[in-house]
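Here full-length UniProt numbering is used: position 38 in the sequence shown is 38, and no number is missing along the way. The block underneath contains the structure these notes are about, expressed in structure tokens.
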Amino acid sequence: MGRSQNLFRALWRALSKEVKEQVGTDQFGNKYYYIPEYKNWRGQTIREKRIVEAANKREVDYEVGTIPAEWEAWIKRTRKTPPTMEEILKNETYKEDIKIKSKGFYEKGKLLGKESSEELLAPPVETQIKGHASAPYFGKEEPSVAPTSTGTTFQPGSWMPQDGKKHNQ
Numbered sequence: 001m002g003r004s005q006n007l008f009r010a011l012w013r014a015l016s017k018e019v020k021e022q023v024g025t026d027q028f029g030n031k032y033y034y035i036p037e038y039k040n041w042r043g044q045t046i047r048e049k050r051i052v053e054a055a056n057k058r059e060v061d062y063e064v065g066t067i068p069a070e071w072e073a074w075i076k077r078t079r080k081t082p083p084t085m086e087e088i089l090k091n092e093t094y095k096e097d098i099k100i101k102s103k104g105f106y107e108k109g110k111l112l113g114k115e116s117s118e119e120l121l122a123p124p125v126e127t128q129i130k131g132h133a134s135a136p137y138f139g140k141e142e143p144s145v146a147p148t149s150t151g152t153t154f155q156p157g158s159w160m161p162q163d164g165k166k167h168n169q
């Protein structure tokens, strides 16, 4: 069936004036093709196509990273020209340098964090807090029911809403 399918595709390309030109390959063995805009036998304009022929023919074998980012940008038309092998290798070495630097930075941060936490931090102190500092009865056992006042301070009492329609008592 594979042979008849290839024969049918070749016949279709010949009739449809579809010319597939190989643009390049990557380090994984994937091949990239460009099909320019053309008019088919009915007079319709078919826009350009950018195709990748994967080295792993089965979709199950595909993993993220099997197509370099530069080629993926060309396929998605975010890039006009196809990348060169030198550009891809340059970007790969740059990525490796960044990985090495970030690993070193992470390790250095771990060591500095370990040293500084041992030297600078005091042991935790257990405190017991009762109430809230902004509460008028902070530090007292219970709030008073009736308001109290001395000449210099005023302590409001606690208030509970009453049932019914009586507001003054």
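Using N, Cα and C, we set each Cβ at its ideal position, and we do this for glycine too.
Check this for me: beta carbons of residue i and residue j, under 7 Å apart or not?
i, j, result
"P68", "W74", "no"
"V23", "Y34", "yes"
"V52", "Y32", "yes"
"K55", "N30", "Checking the displayed sequence, the identity of residue 55 turns out to be Ala instead of Lys. Their beta carbons are under 7 Å apart, which means A55 touches N30 by this criterion."
Going by Cα to Cα distance, which pick from the options is closest to residue i?
i, options, result
"R79", "W71, M85, E86", "W71"
"N40", "D97, W12, L89", "W12"
"Q27", "D163, K90, T152", "K90"
"E48", "I88, K76, N6, T66", "K76"
Could you please give the first and the last residue of the uninterrupted alpha helix (DSSP H) stretch that includes residue i?
i, result
"I75", "69–75"
How far does the beta strand (DSSP E) with residue i in it extend, from its first residue to its last?
i, result
"Q22", "21–25"
"K49", "49–53"
"K31", "31–35"
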